[in-house]
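Worksheet for the structure shown next.
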Amino acid sequence: MLEAQLKYIVEILLYIDKNNIRSFSIKQNVHDAYNQWIQSKLNKTVWHLGGCHSWHQNAKGIVTTIWPDFTWIYHLLMKNFDYQNYI
């Protein structure tokens, strides 16, 4: 997963450099949709259903540190930087 993250970050940096962008941020609706998808997957895992609290959860009991799917899914999601998801 680290390799996919690094490749994605490099694509972002190249895009920023090529387009002389000083700053950018993820669009709120893109963030919300992604987080909703992640949470729907996490809600079916032992980290959510197990009944115990751990460092995987924030103060509200929401799991925030675990990837809930196969790594190949993550690699597909990180395959190409989509500048349209950012402002």
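First residue of the sequence shown? That's 138 in our numbering, and the numbers climb one at a time after it. We treat Cβ as the ideally placed atom computed from N, Cα and C, and that holds for glycine.
Taking only three categories from DSSP, how would you classify residue i?
| i | result |
| --- | --- |
| I203 | coil |
| I224 | coil |
| I146 | helix |
| I153 | helix |
| I175 | helix |
| I158 | coil |
Quick one: what's got a C-beta closer than 6 Å to residue i's C-beta in the same chain, skipping five residues either side?
| i | result |
| --- | --- |
| I158 | none |
| L179 | H185, V200 and P205 |
| Q194 | V200 |
Can you tell me the Cβ-Cβ gap for residue i and residue j, rounded? I've got them flagged as a contact below 8 Å.
| i | j | result |
| --- | --- | --- |
| F218 | Y145 | 6 Å |
| Y211 | K164 | So it is not a contact: roughly 20 Å between Cβ atoms. |
Report all residues from its chain with a CB closer than 8 Å to the CB of residue i; omit the five preceding and five following residues, and keep chain order.
| i | result |
| --- | --- |
| H190 | G198 |
Just grab the DSSP bridge partners of residue i for me.
| i | result |
| --- | --- |
| Q194 | V200 |
| I163 | Y223 |
Segment contact, 8 Å Cβ cut-off, at least three pairs: the stretch 143–150 with the stretch 190–210: no
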